[in-house]
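If you count by mature numbering (1 follows the signal peptide of the UniProt record, and there is no 0), then the sequence shown holds residues -22 to -1, 1 to 779, one letter each, in order.
Backbone N, C-alpha and C define an ideal beta-carbon position, used for all residues, glycine too.
Keep in mind the model is a prediction, meaning the values are calculated, not measured.
Working notes for the structure below.
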Amino acid sequence: MKIKFLLWYVFFSLWLMGCKDAESAIDYKQNVSVRLSMDAVTTRGVSALPAVDGYHLRYVLGIYKQNEADGTLTLIQRIPQTTPDFNLDLATDETFTLVAWADFVSSGTDNSTLTSVEDEFYNTQSLQNVSIMKEKWVLNTPARDAFCAKAADVTSSALQVTMTLKRPFALMNVKGSYAGVQSAKVTYPSVYTAYDVTKGDITGTASEQILSAKTLSADANQVLIFDYLFTHPLADGASYQEGSILYDVNLDFFASDNATGEALKSLKVDYVPFTTNYKTNLICPVENTSSVQVTCSIDADFETPEVDGDKPFIVSSYIRGNFYQKGDISTESMLACNDLIYMVVQPYGDGTLYFETPENNATFTGGVTHLESFAGRSGVISFDGTGEMNAGPHLMNNATGAMGAFTFATWMYIDEWTPDAVVFSKTVGENTVSLQLGDTPEKLKFTVGTVVSDLTATGLEIGAWHYVGVSYASKAITLSIDATKTADAISNTGTLPFRASTLLGTNFKGKLDETFFSGIGFGNPAAYKDKELTFKGDWNATKTLAYWKYDDASDKGKDSQTWVEIMKDIRAKLGGKKILFRLGVAGGNWKNMCANSASITDFVRNMKSVMDKYDIDGADIDFEWPASDADFTNVSNALIALKDGTGSRIISPTLHPLYYKISAEAISKMDWISIQCYGPSPDRYPVEQYKIDLQTVISNGGIPNEKIVAGLPFIGATSDKSATQAYSSFVNGNLITSPDQNTVTYNGKEYLFDGQTNIKIKTRYARQQNMRGVMSWDLATDVPFTNSLSLLKVMKEAAAE
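Now the structure itself:
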């Protein structure tokens, strides 16, 4: 059936006449005229009623007495009828709330029941709890349309009351073009089914609803399925695209005409925005993709000009690989976000990418072979003195320079003692870092720059497996052979090299097994002698830069500890849910990179290559902080180039209330812009300062509200700005006693932080101001989402209100 939405006037006239004493205790009455009108009637200039074939409109008017003492409403009368003119008797000394509901009821096959006022699709016996009749909840049914209005504080002194009827729900259109599809099933995991007209809001509890229907014949709009859904009221008309409520929607399409059998196509769409009196379009993909385009729009059927958008409210946070591997980030917390940023990339000055846990898959030259087993150990690598292992250029340095501390450890079997044979080495010009065999057994030498340190290696002899571990920190060397320290705190003040390949096994005759580099100096380099590297609960293990087990003969140089392996594990836990997964690019030599156009070009090319290879949704750019106009210009140029060079991928910079002046062109091209409203200076934490900071960025930085993602802290900071601490530490120390709490004494220091109440207030403010979303720093510093004290939990709740 085709519904024709025509704009109309409906007039109520209330003649308040004096009544007989036997009829009422009300002695004085006065005529009041009440007008009901549809939206935008005055601009359309027509007065015809909406019509649906086979149905007629019926009207229900509820008259409620307002109780001055407690503000409650008492129903005086409920009047259902088929005409919009009501004659009421109202007292002159009372205050009333008038509630109107209009919907469609069946006229019968031959229009024989045009006088029916019985409930058809909605139970309206209480206008404070209008509920969908479940057995009549059918997809693709235009007769389920309905309208309502409320007028409060009505007294007999009002000569005329005008009430404007609006829909209490959103319209969902599922659009697409699928060959062979005859029916569809729609599952709402959690949806509201009742509406309180007196409050203008949904009521009751959400529940799962499953509906099915034949799909509609394809037309120009390709609508397959449509439905009406109750929603919250919209607080700010400018933010309709964000949705006044978010529902998950699961779609299954079938070849049968009754939605049975095996589905031809299944789609899960999370956090779909729905807004009262607006359409939300779910535009289904072609067969070989799984993404669903979501747009929230208005069109002529809904009485207002058409506008399109695709902007769910962002709930974003960061994942640091070390904390994830240690077990500090729960799966539930990740699933609660719709934008996850994996903080792992730093740019070199030339635009090359450095990853915090580099991908160091080794290559081999010369006489290097894999052995299935040797002398009691399985999966080992064998050197005959003519070859070497190349571990790549990213060990013992980051994007800005050499690491000041590291640890190397391996099982080693020496076949023949060759003086100066290389265990590992890295050389740039005159500067070297290396571990080599000494002149005789039980001697090693360690070189930094041009300074050579001779180390005692008691017990290191040929013909047996030994565990060799060496650490370098604070310009001092510690060596362990097996479980014994044989050299400790040996000073070496040489200069470490920066970017060059790390080579293992040059001129070495022997075997290696379970080899790793770490980005920290171990007090005991032999810590992992008797155990395999595992990461959960072990902070030191998470700092591993490379780990070669040599167990796979077909890929003997495989690095088992890389940012890619961590990413795969994270994404597996997301279970295919529609959550943006982006790379976090922070720090590094960003100033030099951004100052050189050729470096920017290489940076963009490298970022695109990684995104393409691993199907990554975009990047968050956190360059802290531009200090001059030139810096801001350079950063702006890099952001523009990155967005232009990566197409539809989501690119957002992270700025600060004190550092935000990127160019207007950069602002316009960014998908959104995060603002670190937490410093981490405690000066930024108070709610009022948060509001001031955001408004400053808007007014002085020219960043529109709808582009801003407001940053909230899951950390505390001391008043003297000397330290920060994770909120989870406060919870785990049993120091959080109230959601209103914003200060705590931890290890003798007072910290200021945002408790649950503040997080709610700040999230609500972002929504009220029509901002793009909120982000947090970070998931590891909160308690798990399932914990009742979780900050992310209340952020998510406030975002969905």
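If you look at Asp235, you'll find it isn't in any beta strand (DSSP E); DSSP assigns it neither H nor E. Of the other Cβ atoms in all chains shown, 16 or more fall within 10 Å of the Cβ of Leu207; this residue is therefore buried. Beyond the five residues adjoining it in sequence on each side, Tyr42 comes within less than 8 Å, by CB distance, of Leu51, Thr52, Leu53, Ile54, Phe74, Thr75, Leu76, Val77, Thr176 in the same chain, given in chain order.
Under the three-state reduction of DSSP, Cys572 is assigned to helix. The beta carbon of Asp460 sits closer than 7 Å to those of Gly437, His444, Tyr445, Ala504, Lys507, all from its chain and outside the five residues before and after it, given in chain order.
Pairing Tyr729 with Gly566 gives a Cβ-Cβ distance that is not under 8 Å. For Ala688, the enclosing beta strand (DSSP E) covers residues 686 to 691. Shown here for Gly497: same chain residues with a beta carbon closer than 7 Å to its own, the five before and five after excluded, namely Met381, Phe384, Lys521, Leu523 in chain order. Judged by their CB atoms, Lys128 and Gly49 are not nearer to each other than the 8 Å cut-off. A contact between stretches requires three or more CB pairs, one per stretch, nearer than 8 Å, and the stretch 574 to 584 fails this requirement with the stretch 347 to 360. Per the DSSP secondary-structure output, Cys126 pairs in a beta bridge with Trp79, Lys144.
DSSP, reduced to helix, strand and coil, places Phe610 within a helical segment of the structure shown. Rounded to whole angstroms, the gap between the alpha carbons of Glu394 and Thr418 is 11 Å. Per the coordinates, the alpha-carbon of Met545 lies some 48 Å from the alpha-carbon of Val108. Beyond the five residues adjoining it in sequence on each side, Glu113 comes within less than 7 Å, by CB distance, of no other residue in the same chain.
Nearest to Ser575 by C-alpha distance, out of Ala369, Ala619, Val665, Met585, is Ala619. Ala184 and Asp123 have their C-alpha atoms spaced approximately 20 Å apart. Counting C-beta atoms within 10 angstroms of its own C-beta, Ile57 has fewer than 16 neighbours from the protein chains shown and is therefore classed as exposed. Between the alpha carbons of Ile261 and Asp248 lies a gap of roughly 14 Å. Judged by beta-carbon spacing, Asp760 lies within the 8 Å limit of Ser706, meaning their Cβ atoms are closer than that value. Under the three-pair Cβ rule at 8 Å, the stretch 730 to 747 counts as touching the stretch 763 to 776. Pairing Phe486 with Val448 gives a Cβ-Cβ distance that is not under 8 Å. Its chain contains Glu186, Asp226 as the residues whose beta carbon lies nearer than 6 Å to that of Pro167, once the 5 sequence neighbours on both sides are disregarded; these appear in chain order. Only residues of its own chain outside the window of five on either side were considered, and among them Pro682, Asn683, Ile686 have a CB closer than 8 Å to the CB of Ile676, listed in chain order.
CA-to-CA, the gap between Ser538 and Thr721 works out to about 42 Å. As the crow flies, the alpha-carbon of Met367 is around 11 Å from that of Trp526. Note that the C-beta distance between Ala435 and Leu457 is below 8 Å. In the displayed model, Lys404 falls within a strand according to three-state DSSP.
Sequence-distant Cβ neighbours of Gly158 in its own chain, meaning closer than 6 Å and more than five residues away, are Ala233. If only complete runs of 4 or more residues are kept, the stretch 705 to 748 shows the alpha helix (DSSP H) at 705 to 710, 734 to 746, in order along the chain. Counting only runs of 3+ residues, the beta strand (DSSP E) found wholly inside the stretch 414 to 461 occupies 421 to 427, 429 to 434, 443 to 451, 454 to 459, in chain order.
When Thr171, Leu229, Ser190 are compared, the shortest CA-CA separation from Thr181 is found for Thr171. For Phe204, the uninterrupted beta strand (DSSP E) segment begins and ends at 201 to 208.
If you draw a straight line from the Cα of Ile359 to the Cα of Tyr320, it is about 33 Å long. Contact between Ala616 and Cys572 holds: CB atoms are separated by about 5 Å, below the 8 Å threshold. Contact between Thr102 and Val38 is confirmed by a C-beta separation of about 5 Å, below the 8 Å threshold.
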